[in-house]
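According to our numbering, numbering within the sequence shown proceeds without interruption in unit steps and concludes at 167. Just below is one structure, and these are the notes that go with it.
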Amino acid sequence: MPHMWWVVAASLVVGLVAAYLIWTAGRVERLHSRADLAARALDAHLLRRAAAAAVLAERRFGVELYAAARMALDAPPEEREAAENDLTRQLRTVQLDPADPDCGAVIAASRRLALSRQVHTDLVRDARSARGRPLVRLLRMGRGREWPRYFDIDDPTLTVPADVPAT
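Structure follows, in structure tokens:
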């Protein structure tokens, strides 16, 4: 009976280590899930901006902007970043009037896209950081999932002329 405290202490240590490992595995899984959801939200905002830009181009600005918007809408995943950057460059070349509903839709979609991109980047960074820890790599806690990827595009925020009040 005098050595029974070692068994209790060892059981307590094993229990704490197991609880930590379970918590860590759950955290890695949650971060991956949140990064996946943020990627879906980012994709939705990219589509909304491209669709709003296509409508704007059809009504006011013509072929180049429309072509960039269609390329962004139809681009395969491996070419999506380049297509979105082209669309951003095209949107920056036109004079957007926030009073016009079509321009306002593009400006609002671009703002939402910028926020969505920031959230996605933060979650991907956190997921990659958690997955890169030595214990997580050693125990292969994220093996069922691909590494989260950044979506690297230019800042999609559009500037509004100073003489025109933003809505």
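All residues carry an ideal CB built from backbone N, CA and C; glycine is no exception.
Which residue marks the beginning of the alpha helix (DSSP H) containing residue i, and which one marks its end?
i	result
Tyr66	Val63 to Asp74
Tyr20	Met4 to Leu56
Gln90	Arg80 to Thr93
Pro134	Pro134 to Leu138
Asp122	Pro101 to Arg131
Anyone know if the C-beta pair for residue i and residue j falls short of 8 Å?
i	j	result
Ala50	Leu31	no
Asp149	His45	Before going on, a small fix: residue 149 reads as Arg here, not Asp. No, the Cβ-Cβ distance between Arg149 and His45 is not below 8 Å.
Leu96	Ala68	no
Met71	Ala52	no
Phe151	Glu81	yes
Given that a residue counts as buried once 16 or more other Cβ atoms are within 10 Å of its Cβ, and exposed if not, what is residue i?
i	result
Ser116	buried
Pro77	exposed
Gly15	exposed
If we ignore side chains and look at the alpha-carbon of each, how far apart do residue i and residue j end up?
i	j	result
Gln118	Ala38	10 Å
Ala99	Ser33	39 Å
Gly144	Gly26	13 Å
Ala193	Ala10	Because the chain is modelled from 1 through 167, residue 193 falls outside the range shown and cannot be assessed.
Asp36	Ile153	18 Å
Arg89	Ala18	52 Å
Three or more beta-carbon pairs under 8 Å between the segment 127-143 and the segment 54-63, yes or no? no
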